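Residue numbers (our numbering): 682 to 812. For every residue, glycine included, the Cβ atom is placed at its ideal position computed from N, Cα and C. Here the structure is a predicted model, which means the values were calculated and not measured. Remarks on the structure that follows.
What follows is the structure, encoded as structure tokens:
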């Protein structure tokens, strides 16, 4: 069976923050603890399992309406201090959901360019350090 042209293409893109920092980011598998922070004040645990430019894949035991906006506190590994994390706040829009047993896999569209420079650099360094 021949590979399609699309499957041969690398999954990379480039992002630029509002402060001008540039980041080449392909799809990366990660395991970052995350708290979803709804307006109700309840903290919903989950974890990010994949990141790429403008997209994060969240797994939790809760479902969220497609189109809803989620505020997240993501525990991003600190590339400078092994074993430490930097809590990075960001927001994303739910683009899709898939039920897998007792877990919900949620696709989030995230505006990487809109992140503060420090958050962008923390995520960039963690992705580069992730094998």
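Asked: Where residue 810 falls: helix, strand or coil (DSSP); Found: helix
Asked: Cβ-Cβ distance between residue 767 and residue 715 below 9 Å; Found: no
Asked: Rounded Cβ spacing between residue 736 and residue 789 (contact assumed at less than 8 Å); Found: 7 Å
Asked: Segment limits, beta strand (DSSP E) that includes residue 752; Found: 750-758
Asked: Euclidean distance between Cα positions of residue 707 and residue 733; Found: 5 Å
Asked: For residue 751 and residue 773, believed in contact at Cβ under 8 Å, the rounded distance; Found: 6 Å
Asked: For residue 790, the three-state DSSP class (helix, strand or coil); Found: strand
Asked: Buried or exposed by the 16-neighbour rule on C-beta atoms within 10 Å, applied to residue 761; Found: exposed
Asked: Beta-carbon contacts of residue 724 that lie in its chain and below 6 Å, excluding the five residues immediately before and after; Found: 716
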